[in-house]
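Residue numbers (the working numbering): 877 to 932. In this text, a Cβ means the ideal position worked out from N, Cα and C, and glycines have one as well. None of these values were measured; they are calculated from a predicted model.
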Amino acid sequence: MNKNKIKRVALLAGLYLTANLVTQYFKGQSIDFTSALIGTLIFSVFVTLGILSSKK
Numbered sequence: 877m878n879k880n881k882i883k884r885v886a887l888l889a890g891l892y893l894t895a896n897l898v899t900q901y902f903k904g905q906s907i908d909f910t911s912a913l914i915g916t917l918i919f920s921v922f923v924t925l926g927i928l929s930s931k932k
């Protein structure tokens, strides 16, 4: 993977983490950073696999 794809994965993971934490905040749930971080890591793996499996 080149640098642009790594940056794209990092940006998407950051956006996912932010959206997850903001959603938990507005729902009034206790903000559980550990579960949000685990979800972000799993999301990053799926995005990376999608990028690697796409053929251009």
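Exercise for the section: Verify whether the separation of the beta carbon atoms of A829 and L887 is less than 9 Å. Expected result: Any question about residue 829 goes unanswered here, given that the chain covers just 877 to 932.
Handout entry: Ordered list of alpha helix (DSSP H) runs contained in the stretch 879–923, each at least 4 residues
Key = 879–903
Handout entry: Buried versus exposed call for N896 [16 or more other C-beta atoms within 10 Å across all chains shown]
Key = The residue is buried, with at least 16 neighbouring Cβ atoms inside 10 Å.
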